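Chemist: Numbering (our numbering), first residue to last: 1 to 359. Take this structure, written in structure tokens, and hold onto it; I'll ask about it next.
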């Protein structure tokens with residue numbers, strides 16, 4: 001009997017201890033405490049700066065987002081590592097298994113370096129455009145109300161016209177892009193967005209028809225226009241094609257790179273200002289991990305390109321430099337002519353150039 005009472009006391013004491021530990025642990029790892037904790041402060045002293053410590057006095061939300069994305073990137077790389085280890089372990093040959101393990105170590109090292117590079121690039125973006133919360137088109141008034149089906153132009157954007165049925169063809173040495181401003185629109189967050197279709201084809205012959213060759217990609221780009229004449233990117237629907245069976249038409253094999261403002265945290269970005277100014281830096285798109293393009297208005301006098309815009313050279317063109325933290329090693333220069341829009345594009349990563357061949 002005495003033994004039973006002693007056991008009961010011991011069990012009660014143990015339960016009380018476990019309950020206390022559980023309550024303490026729940027306080028330490030509660031969702032709210034995790035959400036409020038500055039990135040990088042994993043209980044090893046409060047070394048991170050608080051919101052009020054940021055250099056410009058604002059809250060460094062942009063930097064925090066970059067840090068969270070870095071942590072997500074690291075966790076994905078670790079998950080992929082364990083999956084590859086499982087594949088290696090299932091190899092019968094000992095030497096092949098060892099080689100697999102060695103390759104895996106190299107891959108995880110490269111993945112970690114890539115995560116660090118992305119974090120640095122994203123934090124660089126924060127320094128360029130500001131550290132506060134990015135809100136897209138919040139509180140922006142757009143052309144047409146929610147009952148209208150079409151974009152009703154106020155004055156139009158000279159550098160980025162959205163006139164239906166206008167078509168241009170851009171060509172490189174291997175591909176041709178057919179770009180058409182359609183009469184179709186789509187409502188996104190009550191904003192009427194014009195659909196611009198781009199189709200990329202392989203070039204089979206120099207003088208072949210615009211739709212000759214093999215279809216590689218079809219992209220629907222959606223643009224809205226606010227009451228100040230600024231053109232916004234509402235979203236992108238990207239379809240990549242491939243010929244899976246010889247003699248058959250190409251089929252859609254991927255929609256990677258697609259996004260829509262208001263879905264999965266994506267926000268609209270500025271495609272073209274009504275009055276772009278030298279040095280302006282804008283977010284063209286904000287779909288984290290998918291499409292994070294930025295534009296900067298470049299001084300034509302600093303360009304080494306041989307492209308001649310209009311009759312007076314590149315001075316008649318607006319030049320936008322397109323960069324992205326997802327590929328920080330390169331950029332693309334786009335030339336826009338008044339009344340025509342995009343007329344030339346030069347990719348500094350793959351040294352690809354696209355020139356207009358039919359206005």
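Where is the CB? At the ideal position from N, CA and C, for every residue including glycine. From a predicted model like this one, the values you see are computed outputs, not experimental measurements.
Considering only residues of the same chain and omitting the five flanking positions on each side of residue 255, which have a CB-CB separation below 7 Å?
Modeler: Indexing the chain shown from 1 puts residue 255 at position 255. 238, 239, listed in sequence order.
Chemist: When DSSP labels each residue in this structure, what does residue 106 get in the three-state scheme?
Modeler: In the chain shown, counting from the first residue as 1, residue 106 sits at position 106. DSSP places residue 106 in helix when its eight states are reduced to three.
Chemist: Can we say the stretch 326-345 touches the stretch 129-137, given the rule of at least three CB pairs closer than 8 Å?
Modeler: No: the two stretches stay apart, fewer than three of their Cβ pairs being nearer than 8 Å.
Chemist: Output yes or no for whether 7 Å exceeds the beta carbon distance between residue 292 and residue 267.
Modeler: The count along the chain shown starts at 1 and reaches residue 292 at position 292. The count along the chain shown starts at 1 and reaches residue 267 at position 267. No.
Chemist: Where does residue 347 fall in DSSP's three states?
Modeler: Along the chain shown, one-based indexing puts residue 347 at 347. Reduced to three states, the DSSP call for residue 347 is strand.
Chemist: Does the beta-carbon distance from residue 99 to residue 328 come in below 7 Å?
Modeler: As a first step, residue 99 is located in the chain shown; it is residue number 99 there, counting from the start. As a first step, residue 328 is located in the chain shown; it is residue number 328 there, counting from the start. Result no, Cβ atoms of residue 99 and residue 328 do not sit closer than 7 Å.
Chemist: Is the CB-CB distance between residue 270 and residue 282 below 7 Å?
Modeler: One-based indexing of the chain shown puts residue 270 at position 270. One-based indexing of the chain shown puts residue 282 at position 282. In this structure, residue 282 lies closer than 7 Å to residue 270 by Cβ.
Chemist: Suppose you measure from the CA of residue 60 to the CA of residue 126; what does that come to, to the nearest Å?
Modeler: Within the chain shown, numbered from 1, the residue matching residue 60 stands at position 60. Within the chain shown, numbered from 1, the residue matching residue 126 stands at position 126. If you take the alpha carbons of residue 60 and residue 126, they lie about 9 Å apart.
Chemist: Measuring alpha carbon to alpha carbon, tell me which of 341, 342, 346, 318 ends up nearest residue 330.
Modeler: Taking the chain shown and counting its residues from 1, one reaches residue 330 at position 330. Checked all of 341, 342, 346, 318; the closest Cα to residue 330 is 346.
Chemist: Can you name the start and end residues of the alpha helix (DSSP H) that residue 361 belongs to?
Modeler: The chain is shown only over 1 to 359; residue 361 falls outside these bounds and no answer can be derived.
Chemist: Using three-state DSSP, classify residue 178 as helix, strand or coil.
Modeler: For the purposes of this step, residue 178 is taken as residue 178 along the chain shown, with counting starting at 1. Residue 178: strand per DSSP, three-state reduction.
Chemist: Assign residue 122 to one of three DSSP states: helix, strand, or coil.
Modeler: By one-based count along the chain shown, residue 122 stands at place 122. Residue state, collapsed to three classes: helix.
Chemist: Quick check: the stretch 190-203 against the stretch 212-224, are at least 3 beta-carbon pairs closer than 8 Å?
Modeler: Taking 8 Å as the limit for Cβ pairs, the verdict is that the stretch 190-203 does touch the stretch 212-224.
Chemist: State the start and end residues of the unbroken beta strand (DSSP E) segment that holds residue 336.
Modeler: As a working mapping, residue 336 is identified with position 336 in the chain shown. Element bounds for residue 336: 332-337.
Chemist: Assuming residue 168 contacts residue 179 under a Cβ cut-off of 8 Å, what Cβ separation, rounded to an integer in Å, is found between them?
Modeler: To locate residue 168, count along the chain shown from 1; it is residue 168. To locate residue 179, count along the chain shown from 1; it is residue 179. Indeed they touch by this definition, with Cβ atoms about 5 Å apart.
Chemist: Indicate whether residue 227 and residue 141 have their beta-carbon atoms separated by less than 7 Å.
Modeler: Against the chain shown, residue 227 aligns to sequence position 227. Against the chain shown, residue 141 aligns to sequence position 141. Closer than 7 Å, so yes.
Chemist: Helix, strand or coil: how does DSSP classify residue 95 here?
Modeler: Position 95 of the chain shown, counted from the start, is the residue given in the question as residue 95. In this structure, residue 95 counts as helix in the three-state DSSP scheme.
Chemist: Could you spell out where the beta strand (DSSP E) holding residue 270 opens and where it closes?
Modeler: Locating residue 270 in the chain shown gives position 270, where the first residue counts as 1. That run of the beta strand (DSSP E) goes 267-272.
Chemist: Put residue 203 into one of helix, strand or coil per three-state DSSP.
Modeler: As a working mapping, residue 203 is identified with position 203 in the chain shown. In this structure, residue 203 counts as coil in the three-state DSSP scheme.
Chemist: Alpha carbon to alpha carbon, how far is residue 319 from residue 307? Give it in angstroms, no decimals.
Modeler: Your numbering for residue 307 matches position 307 in the chain shown. Your numbering for residue 319 matches position 319 in the chain shown. Spanning the two alpha carbons is a distance of roughly 12 Å.
Chemist: On the DSSP bridge list, what partners appear for residue 143?
Modeler: Within the chain shown, the letter at position 143 stands for residue 143. In DSSP, residue 143 forms no bridge with anything.
Chemist: Could you work out which residue in 119, 184, 177 is closest to residue 62 when comparing CA atoms only?
Modeler: Reading the chain shown from its first residue, position 62 is the one you call residue 62. Out of 119, 184, 177, 119 has the C-alpha closest to the C-alpha of residue 62.
Chemist: I need the DSSP call for residue 187, collapsed to helix, strand or coil.
Modeler: Counting from one through the chain shown, the residue named residue 187 turns up at place 187. Note: residue 187 maps to strand in three-state DSSP.
Chemist: According to DSSP, is residue 117 helix, strand or coil?
Modeler: In the chain shown, the residue the question calls residue 117 occupies position 117. Helix at residue 117.
Chemist: Can you find the residues in the same chain that come closer than 6 Å, C-beta to C-beta, to residue 221, ignoring five residues on each side of it along the sequence?
Modeler: Taking the chain shown and counting its residues from 1, the one referred to as residue 221 is at position 221. Cβ within range, chain order: 196, 236.
Chemist: Candidates 288, 275, 272: which alpha carbon is nearest residue 264's?
Modeler: The residue you call residue 264 lines up with position 264 of the chain shown. The shortest Cα separation from residue 264 among 288, 275, 272 belongs to 288.
Chemist: Residue 137: buried (16+ other C-beta within 10 angstroms of its C-beta) or exposed?
Modeler: Within the chain shown, numbered from 1, the residue matching residue 137 stands at position 137. Label assigned to residue 137: buried.
Chemist: Hey, quick one: how far does the beta strand (DSSP E) through residue 224 stretch, first residue to last?
Modeler: In the chain shown, the residue the question calls residue 224 occupies position 224. It spans 215-225 - the beta strand (DSSP E) in which residue 224 sits, taken as one unbroken run.
Chemist: If you reduce the DSSP assignment to three classes, tell me which class residue 255 lands in.
Modeler: Stepping through the chain shown from its first residue, residue 255 is reached at position 255. Residue state, collapsed to three classes: coil.
Chemist: In terms of alpha-carbon separation, which member of 219, 166, 71, 85 lies closest to residue 117?
Modeler: Locating residue 117 in the chain shown gives position 117, counting from the first residue. Comparing Cα-Cα distances from residue 117 to each of 219, 166, 71, 85, the minimum goes to 71.
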